[in-house]
Structures are given as C-alpha cells and as structure tokens.
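Working notes for the structure below.
Number of protein chains: 2
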Amino acid sequence: MSQNSEDISAIREYLKSLGLTKYEALVYIALLRVDGPSAATEIHEISGVPRASVYPVLDRLAQKNLVNISNTTPKQFRATPPDEGITSLMKGIEKDAELSKEALNKIYQKKTETGRGNQELIWSISGMENILNKLSDLTSDIESDLRALCNWQFFGPYIADTLEEKKIKAVIITNSPDNSVFQTYEGMEILIPEHPPEPIGKGDISGVFIIDSKRVLVIMGTTDLTPTALYSESPGFVRFFNSYWEFIQTHLGVHHRQE
Amino acid sequence: MSQNSEDISAIREYLKSLGLTKYEALVYIALLRVDGPSAATEIHEISGVPRASVYPVLDRLAQKNLVNISNTTPKQFRATPPDEGITSLMKGIEKDAELSKEALNKIYQKKTETGRGNQELIWSISGMENILNKLSDLTSDIESDLRALCNWQFFGPYIADTLEEKKIKAVIITNSPDNSVFQTYEGMEILIPEHPPEPIGKGDISGVFIIDSKRVLVIMGTTDLTPTALYSESPGFVRFFNSYWEFIQTHLGVHHRQE
DNA sequence: TAAGTGTTGTTATAAAAAAAACAACAGGGA
DNA sequence: TCCCTGTTGTTTTTTTTATAACAACACTTA
Chain F
5 MSQNSEDISA IREYLKSLGL TKYEALVYIA LLRVDGPSAA TEIHEISGVP RASVYPVLDR
65 LAQKNLVNIS NTTPKQFRAT PPDEGITSLM KGIEKDAELS KEALNKIYQK KTETGRGNQE
125 LIWSISGMEN ILNKLSDLTS DIESDLRALC NWQFFGPYIA DTLEEKKIKA VIITNSPDNS
185 VFQTYEGMEI LIPEHPPEPI GKGDISGVFI IDSKRVLVIM GTTDLTPTAL YSESPGFVRF
245 FNSYWEFIQT HLGVHHRQE
Chain A
5 MSQNSEDISA IREYLKSLGL TKYEALVYIA LLRVDGPSAA TEIHEISGVP RASVYPVLDR
65 LAQKNLVNIS NTTPKQFRAT PPDEGITSLM KGIEKDAELS KEALNKIYQK KTETGRGNQE
125 LIWSISGMEN ILNKLSDLTS DIESDLRALC NWQFFGPYIA DTLEEKKIKA VIITNSPDNS
185 VFQTYEGMEI LIPEHPPEPI GKGDISGVFI IDSKRVLVIM GTTDLTPTAL YSESPGFVRF
245 FNSYWEFIQT HLGVHHRQE
C-alpha cells in the first residue's frame, strides 16, 4: 500500500463536507483498504482510531449506510462500496437541501414583491466560484445586450456558449491570447486594442461586464490572489464603467475586429 | 410574520446537513425575512444572535455565497435568494462527494478482484432507507430470477417496475390488499395463499427476497418500529429461506394465481 | 475441570477542539 | 459627548477525540 497521509487528509476533508467526523472518515477508509470483512481490533490497528472508540464510530457509520455489520463473535464489519455509500449519503443531503429550499422560499417569497430596493448599493463578492455563479445568474437574466472588457482565456468561451442561443448582441474588448481563432456567434463582436489596459494585457483574472446598460459586474483579481468582484445597479457605478469601457473602445485603438 | 420556533428549528436541522452552524442558519433566516438589505445591528435584533458574533458569521456566510456585503458605513447585508444560495452550497458539496468517490474508489478497487470473501456472513441492515437501497442494488444486479414473499403494498409495484425491462422471471407470494388489479409483466407470477403467513397477512413491512437462488434479503419490520433486514449469500441461509418459501408455496394453498 | 490469559464490547472520564455567548475597546459620526 | 459600528479577546458550552476501566466471554494449559 502506497497510501500516504497527504491523500488521507484530503479525503478526510471531502468526507467532512459530507458530514463525517475525523474518526468516521478514518474508519471508513481503513475498511476500504482491507481485504474482506474485519473485526474491530483490526480496524483499530489499521486506522489508528482508539479501539474503544471504534465501536460507536462503526455504529454511526452503519446508520449512515457506510458499513454493514455481521453479529458474529467477534463482530465483523464490511465497508459499503464507495459508489453506493457516497450516493446514499448524498441522497440524504439532497433531500435536506430540497426541504430547506422550500421552507426558505416560503419565508423569502413574502418579501419578493415588496422589496425592489437598493439599486444604490455596491455588493462585494469574493472567491472565484461565487463570482462565476454571479456571472452565470446575470447572463441567464440578460435581456438586450452585453458589453465586456475581459480576458478571453477566462471568460470568452463561456460568454460565447451562453449567449449564442439567446442571440444577444455582445461587444467584447479583449486581449489576443495568441493568433488563435475566437469562437463567436453572429451578433457577437470582438475588439482587440493595440495596447490593452493593464490587467487585461497582463492576463489577470479581470473583467468588466455591462449587462443591458444597467447592471455592472467588475472582477478584480490576479492569478495568484483570491479574486474579488463588485456588482451594482447603482446609476453612478454603471455610468463610471460605461465611460471606462467607451474610453477603452475609442482611445486605445482597435487593432483587430472580428464578428 | 407567523413564523414560529418549530419551523425555524426544522430549517436549522436541514441547513446543519448542508454545513451551516446554528448562528449561520439563524442569521441567514433573519436576512430572508427582512425587506431589503440590513445592517448588522438589525440582524442581531431579528435573529437573536449576539451583535458581536453577527460580524464573523456574516463573513462566513459571504464566503458561502449566502450573503452579499456592501461596504458602506454601516455595512449593508443582503441574503442570496434561497434557490441560488442552496444551489451554490450544493455545488460545493457535490464536488466534494465526487472527489471523495474517486479517491475512495482508488483505494477500494485494489481489493475488488482479490476479495470475493465471506459468503458465509450474515449482514444486518437497519433503517428503511438503507434497506430499500440494498434492495435496489440487488435488483439492479439480478441475473436470472426472483422469488419473493412480501406485502404487495410495500414492494410489489417497485418490483414490477424494476424487473419488467429485464424480463426477469419472478414468482411473488403476496397478500391481496383488496380486490385490486396487480400491475405485472409477462414472466411475473403472483401467488396469493388462502392463509398468508402472519407478518404478510398482518400487513407488516416484511419480506423474503431470493435473488438468483443464491442471495437472500429478509426484511423484518412492523409498521411502527424501525425495520431491520438481514442479507446473506451463505448457503445455509439461502437454503433455509428457499425451503421456507417452497413450504409456503406448496402447503398454504394457493387461493389465487395471476400471471 | 479449574485457573489463567487474552479478546471483545461497553461505559465512563479526561482532554482538546469548535461553537456559542459575553465583555471590552477603539474609532467615527452626529 | 454620546451612540453606533466593527473588531478582538475571553469565557462558557457543546461536541469530538482520546484514554481508562470493567465485565463477560473464549481459549489454552496444567
């Protein structure tokens, strides 16, 4: 067995997300490593979990359908295969997700019609995943047009994919990663300035997305730090980035234009 | 607001499955209840979470994409709509589930071919969900035939649905819930004894499933207790329930036969 | 057959970690 | 000056981990 402790730590983190304690994860991993069913003492030896603690841990794993028990003397324990076990765990979690969604929507929907509120605020979003989720939400609600300034590498293919079906008019100012061909659709225009503004030119995870001329998402990040984004419908904010975008379009010289 | 503390406790349990602490759940629920964005002090008042604790909680919720922050003075906080927020949470969990499945399968697969092991052991399965999962696994792996003795109400439609496509020969001894028509398929035979054995006759959650004449699942439960099942490939176990089943078939008199 | 030893399963207790709860301080704005 | 906001530190509570102890059972040996 070439299993090392780094791998086991990583697996433990994944299983922690699925609701397993450290001991539960260690015991389940140990059972998956052995050939056939095992007794508690053997599990203790392989997993490093104290022998007396192994018993309640195995009971909890059985409740979670990750272990089967044969009531022999000594008891024998067998791991549920990962595909079956993890699927079983996920079923329970998905059910709770569904129930919480319903219950929370009941609370939230009472407010939806009344609170249009606060176009004036600027919202921070942090973490690449959260940012991409927001971009996804915005593009799914898009009505008429998109103007963007961004790295093609990080955002280009996604935008082309997403907006092609809707026939949304899009103008993208972007860098040229190399002389490769851009995937576009009719109605999508690509502008490549001779001297792209610095974050774009440097290949950072940056972008300005102006949706329907009234909503703006600005992504500010570098390839080595956690990116942050700002989102707002505030007219001042929109105006600022509108003019920023227009400035880039008109003053930095367009080196290449592709439709 | 007619929200009571029972509802909030239930929602908290669901959200706990999704990895939220008590305070995180309370704050998110509070934010969903208010009209538009709120300041930290207002959240404290509505949620009952101590004011000083609200800040780190809100930071963590923002990391989880459940809250957006506007860095005004005082800061304003807004809840992500439940659909979007829960979906976002689930994405992370599903990713961890997938990663753990892959990593665990790597460990487990090294053992699959070598360990045929322990047809002799009898495995206990407890909880209706876990039992149904096992039945599902067994029926998806079925090769030639099924004999069963069970309540039609609990198991009949499932079996008919599942095995119809495979054209598996099945013989089911069951009770007659009333004079309703059984859903069957060609190759599935229904036997209804005049005096069904007691658990079956009483309508308990009981059943004997003999799969391919070499694997047996026995479900023992009543409608008011948590059911337990036994599963084994042990020849002795299989022989016992084979003969039990044959005895029922030949001695209790068949009152009705339907193909 | 009885005694001794080792194993198994269970429960209780102690220690550590995480979450909840509370206290206090500094800075900013009215 | 007072109040609010944001932050940090400390204490308490809860949960998990780690350890200790006991009873019962099984096996071996004299």
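Line by line, the protein sequences are chains F and A. Residue numbering for the first sequence follows our numbering, beginning at 5 and increasing consecutively. Residue numbering for the second sequence follows our numbering, beginning at 5 and increasing consecutively. C-beta atoms are modelled at their ideal positions from N, C-alpha and C, and glycine is treated no differently.
Under 7 Å by beta carbon: chain F residues contacting residue i
{"i": "L103(A)", "result": "Y18"}
{"i": "R37(A)", "result": "I111"}
{"i": "G23(A)", "result": "S21"}
{"i": "P161(A)", "result": "Near P161(A) there are no residues of chain F at all, since even the closest Cβ is about 20 Å away, more than 7 Å."}
CB contact flag (residue i, residue j, <8 Å)
{"i": "S51(A)", "j": "L30(A)", "result": "yes"}
{"i": "G211(A)", "j": "I223(A)", "result": "yes"}
{"i": "P231(F)", "j": "I214(F)", "result": "no"}
{"i": "Q253(A)", "j": "I177(A)", "result": "yes"}
{"i": "L153(F)", "j": "A174(F)", "result": "no"}
{"i": "L65(A)", "j": "Y32(A)", "result": "yes"}
{"i": "N109(A)", "j": "D87(F)", "result": "yes"}
{"i": "T91(A)", "j": "N72(A)", "result": "no"}
{"i": "S128(F)", "j": "N75(A)", "result": "yes"}
{"i": "K68(F)", "j": "L35(F)", "result": "no"}
{"i": "F241(F)", "j": "V220(F)", "result": "yes"}
Whole-number beta carbon distance between residue j and residue i, since they are thought to touch under 8 Å
{"i": "S3(F)", "j": "I126(F)", "result": "Here chain F covers residues 5 to 263 and nothing more, so residue 3(F) does not appear."}
{"i": "H48(F)", "j": "R55(F)", "result": "4 Å"}
{"i": "L62(F)", "j": "S104(A)", "result": "The Cβ separation is near 19 Å, so there is no contact."}
{"i": "I135(A)", "j": "A233(A)", "result": "4 Å"}
{"i": "A107(A)", "j": "I15(F)", "result": "5 Å"}
{"i": "G160(A)", "j": "F186(A)", "result": "7 Å"}
Listed by chain order, chain F residues near residue i by CB distance under 9 Å
{"i": "M224(A)", "result": "Chain F residues near M224(A): none, gap ~14 Å exceeds 9 Å."}
{"i": "M94(A)", "result": "I97, E98 and A101"}
{"i": "I15(A)", "result": "L103, S104, A107, L108 and I111"}
Cross-chain neighbours of residue i in chain A, by beta carbon under 8 Å
{"i": "L62(F)", "result": "Under the 8 Å cutoff, chain A gives no residues; its nearest Cβ is about 12 Å from L62(F)."}
{"i": "I33(F)", "result": "L108 and I111"}
Residue i: contacting residues in chain A (beta-carbon distance under 7 Å)
{"i": "Q157(F)", "result": "Within chain A, no residue comes near Q157(F); the closest Cβ sits about 22 Å away, beyond 7 Å."}
{"i": "P85(F)", "result": "Y112"}
Partners in chain F for residue i, counting only beta-carbon separations shorter than 8 Å
{"i": "D141(A)", "result": "E88"}
{"i": "D150(A)", "result": "The amino acid at residue 150(A) is misidentified as Asp; the sequence shows Leu. Within 8 Å Cβ-Cβ: nothing; L150(A) doesn't reach chain F, min ~20 Å."}
{"i": "D11(A)", "result": "A107"}
{"i": "I47(A)", "result": "Simply none; closest approach about 15 Å."}
{"i": "I252(A)", "result": "By Cβ distance, chain F contributes nothing, its closest Cβ being about 26 Å from I252(A), past 8 Å."}
Chain-ordered neighbours of residue i on chain A, where CB pairs are closer than 9 Å
{"i": "Q197(F)", "result": "Correcting the residue identity first, residue 197(F) is Pro in this sequence and not Gln. Under the 9 Å cutoff, chain A gives no residues; its nearest Cβ is about 31 Å from P197(F)."}
> Is the stretch 189–201 of chain A touching the stretch 168–175 of chain A in the sense that three or more CB pairs, one from each, lie closer than 8 Å?
Replying inline: yes
> Going along the stretch 122–138 of chain F in order, which residues come within less than 7 Å of chain A, judged by CB to CB distance?
Replying inline: N122, L125, I126, W127, S128, I129, S130, G131, N134 and N137
>> Tell me which residues of the stretch 164–177 of chain F have at least one Cβ-Cβ distance to chain A shorter than 7 Å, keeping chain order.
In response: none
>> Tell me whether the stretch 241–258 of chain A and the stretch 135–150 of chain A touch, counting them as touching only if at least three CB pairs, one residue from each stretch, are closer than 8 Å.
In response: no
>> Using a Cβ distance threshold of 8 Å, determine whether the stretch 91–108 of chain F contacts the stretch 40–55 of chain A, with at least three qualifying pairs required.
In response: no
>> Check whether the stretch 100–110 of chain F and the stretch 66–84 of chain F touch, using three or more Cβ-Cβ pairs below 8 Å as the test.
In response: no
>> Which residues of the stretch 52–77 of chain A have a Cβ closer than 9 Å to any Cβ of chain F? Give them in chain order.
In response: A66, Q67, K68, N69, N72, I73, S74, N75 and T76
>> Give me the subset of the stretch 228–241 of chain F whose CB atoms are less than 9 Å from a CB atom of chain A, sorted by chain position.
In response: Y235 and S236
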